[in-house]
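Read through the structure below, which is laid out as structure tokens, and then see the notes.
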Amino acid sequence: MSEHHHKETFVTKYIFSQDHKMISKQFLITGMFMGIIAVLMSMLFRLQLAWPDTSFTIIEAFLGHHQTDGIMSPDIYLALVTIHGTIMVFFVLTAGLSGTFSNLLIPLQIGARDMASGFLNMVSYWLFFLSSIIMVISLFVEAGPASAGWTIYPPLSALPQAIPGSGAGMTLWLVSMSIFIASSLIGALNYIVTVLNLRTKGMKMTRLPLTIWAFFITAIIGVVSFPVLLSAALLLVFDRSFGTSFYLSDIFISGEVLHYQGGSPVLFEHLFWFLGHPEVYIVLLPALGITSEVISTNARKPIFGYRAMVMSIIAIAFLSTIVWGHHMFISGMNPFLGSVFTFTTLLIAIPSAVKAFNYVTTLWKGNLQLNPAMLFSIGLVSTFVTGGLTGLVLGDSALDINIHDTYFVVAHFHLVMGVSAIFGMYAGIYHWFPKMYGRLMNKTLGYWHFWITIVCAYGVFWPMHFIGLAGLPRRYYSNTAFPMFDDLADIQIVITIFALVGGVAQIIFLANYFISIYRGEKATQNPWKSNTLEWTTPVEHIHGNWPGKLPEVHRWAYDYSKRVDPNDDDSDYLHGQDYVLQTTPLLEGEEES
Amino acid sequence: MLALFYIFIGVAIGVSFWQITRILNFRGVIANDEDNAKQGKYSLYFLVYLYAIMIYCLIAMNVIMLPESASIEGEHDDRLFNITFWLIGIVQFFMQFLIFYFTFKYKGNKNNKAKFYADSHKLEMIWTIIPAVVLVVLIGYGLWQWNNVMDLDDEDAVVIEVYSYQWGWHARYAGEDNTLGQGNVNFIEGINTMGVNMNDKNSQDDKQVAELYLPKGKKVHFKFRSQDVLHSAYMPHFRAQMNCVPGMVTEFGFTPKYTTEEMRMQSEVIEKTKGINIVRAAKGEELYEFNYLLLCNKICGTSHYSMQMKITVVEQEEYDKWISEQPTLATVINK
């Protein structure tokens, strides 16, 4: 490509930018903004759960007419958990995570000048932005935002008579999510096309870094499953506004029989979870991909079992589309289906176990550079194991009967997809911050951020398993209506304290992030001594990523600490250093790993 | 008061930013050997913390757990749960040890070299096959138990309809003929709150009640209906739960094993009740006595958190006496 500079105005550079690096930052900052809202919400409802009878000024300040004397109303409690879930799952961990890192890393790590379609990429961001705005607007609707749970099961979500949030709040939720799905589909198609078509010379699929494998497979799951949620949402819109009966039948509410005949909420559950379960992996796989890269780089060791890692990503992705029924064991569907879904669900444990063991083996005999990104990756492995193991309990239909929709489930999915994915996201931010801003984040603050966060994460979610085993259902505004749960009050208080400390500790991260943009130490070209292509680009951003020719790839991404004689640990490093860039040609007689 | 609160928040944010900017003045952004040594040590401390809370919760929270299953079918649930729990517990302790101990043991140092170790088919086979074998056992037992619980074929079972609405429960016993009359929301009128079709001959001897009584040792066959939105009938002590879905009838069944009185005498229940009553006494509330409960476990609106129905399990004779005292729908509605 010849060196011709586009004339860039402020608007084309910072707002309607088509440069993937700028778009990734836009995704990240929008995601962070939404994340702050969702964390604040969780802090508010944790206050309610710990001290249900206590008046809080902060609740008075935030919740307006949805509270009386500093005590929130049951309806707004349900709204808070609903919006917390929606924002976290979709806006932070899907768009914020995939949007940021797929955009930043796909072109940089495969050696492309930009995404296949810069224009669609820009459209994808602006649709996401629009859907975020609509979701935020829905918080200010008179009757409150959507309150039927993030799973928006009808009839509760279909009938404003059933809960106030199912009026205008729910309408805005559906509009926002429909736009969100469009954004995410456009993004995912772009990622797939880019990975398939724009790899630089020598970048065979088998040489792709695991990050790219993860983003690529994630995009495929997204394309397969998001349209189903869109159709589910559209049918719900029809039921709500045009009198159809896809999900509704035989309903008597507010003293009258409604006209709906012949629909079934179970249909909605099937459609919803056909996205809903793959969504878990849409959230998790990019985090696992980032972790693979960060652990390998910082352990100065090749990722153990590259092929097995790729195979397990593919296996997880495939299985993720045929397990949705484990959310519905007791929904009233045929028990035989329950058996099938138990079988497929528990199978996922195998590729997941392979991944966990491979991470641990990568740590073994490494030379671990404990940067904040590395610690967050190690933290991810820890929470992924903890949360994944309890999946064996929940995925077993017979056991699920009694713990379905209890706090055990809340603890399980927060650890395995919430905390893990957030840790992956933090790891990615600390690691690739120099690629975003040409500066590095402060490590002391990074360490504080990590240790406080992981201590609090376990402090919140480990005890939560046990109140679930005590039978406490989730989404209860307070447990005071049942004397049998009175002995759980102390535990709720402990959990809330951990949650508040953990939530406030994220300020450390925000400050570190925003101050480092302007005042962080200037980065060198390859600060982490990494092998992948993004570290061969100049520190200063340029449109097109590489000045002059695109790099050529000669080896896989994980030749860390490779010796002259790969079987002799005492021999010298290849090329005299503990990393070999992917652009370095193989030596004569050298075997590719 | 509100102004004070805002001032406090403002000051707190100000102070934390000031502190953070001070830290930011320490340059140095990439971990050096000193950092590695420090963070490695912290990872070991963290392992201790993690073990401490894991063990503490396992021991201290035993008392808050649900007591042993009060239904015969639930016994296998408890056993399967224990097997699974021990298994994942051991793996959890082992894996967390490896993760954080390795972080400590292999912390970076410029004199160290990492081992170049990219692949081992043998190891990967081991950790593919072992989980697979273990899973076969868990899946096998789980599926057997699932079929066991879901098998509702029992001619002599007591048939009870449980009916949910925003926000409460009704129940209807099938009466002499042990067959429930047809029900639909279109029949709701006045005191016919469950929408029973009174033209159906099976409806005449049905009995609507406000609280459940179950006979010990006899299979109970529940049929669930919902009037408005999704609810879920959750009976944790019996290891039983099923969603109530408007527009369809869902089913579940179990055989109560202990009467309410017997349950109250169990050591686990006595312990838990004691704990609860310490809390209640401190708040000056009346003391708690164990009862079986049916609670709603599917988000259903404003009063979801308090939607419940009491269940009492009694000996067969007592049950027979109680049920015979309940009036039939024919006498109540067609009066």
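Order-wise, the sequence lines are chains A and B.
For the working numbering, count along the first sequence from 1 and bump the result up by 39.
For the working numbering, count along the second sequence from 1 and bump the result up by 3.
Heads up, the beta-carbon is just placed ideally off N, CA and C, and yes, glycines get one too.
This structure is a prediction, so every number in the text was calculated from the model and none was measured.
Just to make sure I have the definition right: I need the residues of chain A whose C-beta is within less than 8 angstroms of the C-beta of residue i. Which are they?
i                : result
THR87 (chain B)  : LEU431, VAL432, ASP435 and LEU438
VAL18 (chain B)  : None at all; the shortest Cβ gap to chain A is about 11 angstroms.
ASN39 (chain B)  : LEU407, GLN408 and LEU409
SER306 (chain B) : PRO113
ASP231 (chain B) : PRO194, LEU198, ALA201, ILE290, PHE291 and ILE292
TRP172 (chain B) : By Cβ distance, chain A contributes nothing, its closest Cβ being about 14 angstroms from TRP172 (chain B), past 8 angstroms.
Who are the near neighbours of residue i in its chain, counting only those whose CB is closer than 8 angstroms to its CB and skipping five residues on each side?
i                : result
TYR320 (chain A) : THR257, ILE260, ILE355, ALA356 and SER359
SER41 (chain A)  : Per-residue confidence for SER41 (chain A) stands at a pLDDT of 41, beneath the threshold of 50, marking its modelled position as unreliable; the derived number appears in the next sentence. Same-chain partners within the cutoff: there are none.
ILE194 (chain B) : VAL335 and ILE336
LEU626 (chain A) : LEU613
ILE290 (chain A) : PRO194, LEU198, VAL296, LEU297 and TYR299
SER56 (chain A)  : ILE62, GLN65 and MET161
ASN151 (chain B) : GLU76 and HIS79
THR87 (chain B)  : LEU141
Tell me which same chain residues have a C-beta within less than 6 angstroms of the C-beta of residue i, skipping the five on either side of it?
i                : result
GLY124 (chain A) : TRP189
LEU298 (chain B) : TYR237 and GLN311
ARG238 (chain A) : ILE149
PRO218 (chain B) : GLN319 and TYR322
ASP108 (chain A) : SER94
Please list the terminal residues of the continuous alpha helix (DSSP H) segment that includes residue i.
i                : result
LEU297 (chain B) : Not the alpha helix (DSSP H): LEU297 (chain B) falls in the beta strand (DSSP E), residues 295 to 299.
GLY92 (chain B)  : 77 to 108
LYS44 (chain B)  : 36 to 63
THR483 (chain A) : 482 to 508
GLN531 (chain A) : 528 to 558
GLU181 (chain A) : Premise fails: GLU181 (chain A) is in no alpha helix (DSSP H) and is neither H nor E.
SER391 (chain A) : 388 to 402
Please compile the residues from chain B whose C-beta is within a distance smaller than 7 angstroms of the C-beta of residue i.
i                : result
GLY344 (chain A) : ASP122 and GLU127
TYR497 (chain A) : LEU53 and ILE56
ILE417 (chain A) : ILE102 and THR106
ALA550 (chain A) : PHE20 and ILE23
Which residues in chain A sit within 7 angstroms of residue i, going by Cβ to Cβ distance?
i                : result
PRO239 (chain B) : ASN441 and GLY510
ALA135 (chain B) : ILE389
MET251 (chain B) : SER303 and GLY371
MET312 (chain B) : Chain A residues near MET312 (chain B): none, gap ~12 angstroms exceeds 7 angstroms.
LYS329 (chain B) : Position check: residue 329 (chain B) holds Gln in this sequence, whereas Lys was assumed. Under the 7 angstroms cutoff, chain A gives no residues; its nearest Cβ is about 24 angstroms from GLN329 (chain B).
ALA34 (chain B)  : GLN408, LEU409, ASN410 and LYS482
Which residue marks the beginning of the beta strand (DSSP E) containing residue i, and which one marks its end?
i                : result
THR315 (chain B) : 311 to 317
GLY171 (chain B) : 171 to 176
CYS247 (chain B) : 243 to 247
HIS224 (chain B) : 223 to 229
HIS234 (chain B) : 234 to 238
THR633 (chain A) : Nothing about residue 633 (chain A) can be read from this structure; chain A reaches only from 40 to 632.
GLU292 (chain B) : Counting along the chain, GLU292 (chain B) falls outside any beta strand (DSSP E), and DSSP gives it neither H nor E.
VAL162 (chain B) : 161 to 168
Please go through the same chain and pick out, in chain order, the residues whose beta-carbon is closer than 7 angstroms to the beta-carbon of residue i, but skip the five residues on each side of it.
i                : result
GLY405 (chain A) : ALA338, ARG339 and LYS340
LEU323 (chain A) : MET456, SER459 and ALA460
Using beta-carbon positions only, say whether residue i and residue j come within less than 8 angstroms of one another.
i                : j                : result
HIS224 (chain B) : THR196 (chain B) : no
ARG242 (chain B) : SER74 (chain B)  : yes
SER555 (chain A) : PHE472 (chain A) : yes
SER46 (chain B)  : THR106 (chain B) : yes
PHE553 (chain A) : PHE489 (chain A) : no
ASN410 (chain A) : ILE33 (chain B)  : yes
GLY198 (chain B) : VAL66 (chain B)  : no
VAL272 (chain B) : GLY371 (chain A) : no
LEU572 (chain A) : GLN621 (chain A) : yes
MET111 (chain A) : LEU117 (chain A) : no
THR263 (chain B) : TYR295 (chain B) : yes
LEU310 (chain A) : SER270 (chain A) : yes
ALA272 (chain A) : MET216 (chain A) : yes
PHE254 (chain A) : PHE129 (chain A) : no
Can you list the residues of chain B that residue i reaches, using a CB-CB cut of under 8 angstroms?
i                : result
PHE505 (chain A) : CYS60, MET64, ILE67 and MET68
ASN160 (chain A) : Residues of chain B passing the Cβ test: none, with the nearest at roughly 30 angstroms.
So which residues of chain B does residue i contact, with C-beta pairs closer than 9 angstroms?
i                : result
ASP108 (chain A) : Under the 9 angstroms cutoff, chain B gives no residues; its nearest Cβ is about 11 angstroms from ASP108 (chain A).
Enumerate, from N- to C-terminal direction, the unbroken alpha helix (DSSP H) stretches of 4 or more residues contained entirely within the stretch 87 to 172 of chain A.
96 to 102, 113 to 125 and 139 to 149
In chain order, which continuous runs of the beta strand (DSSP E) of length 3 or greater are located wholly inside the stretch 193 to 228 of chain A?
none
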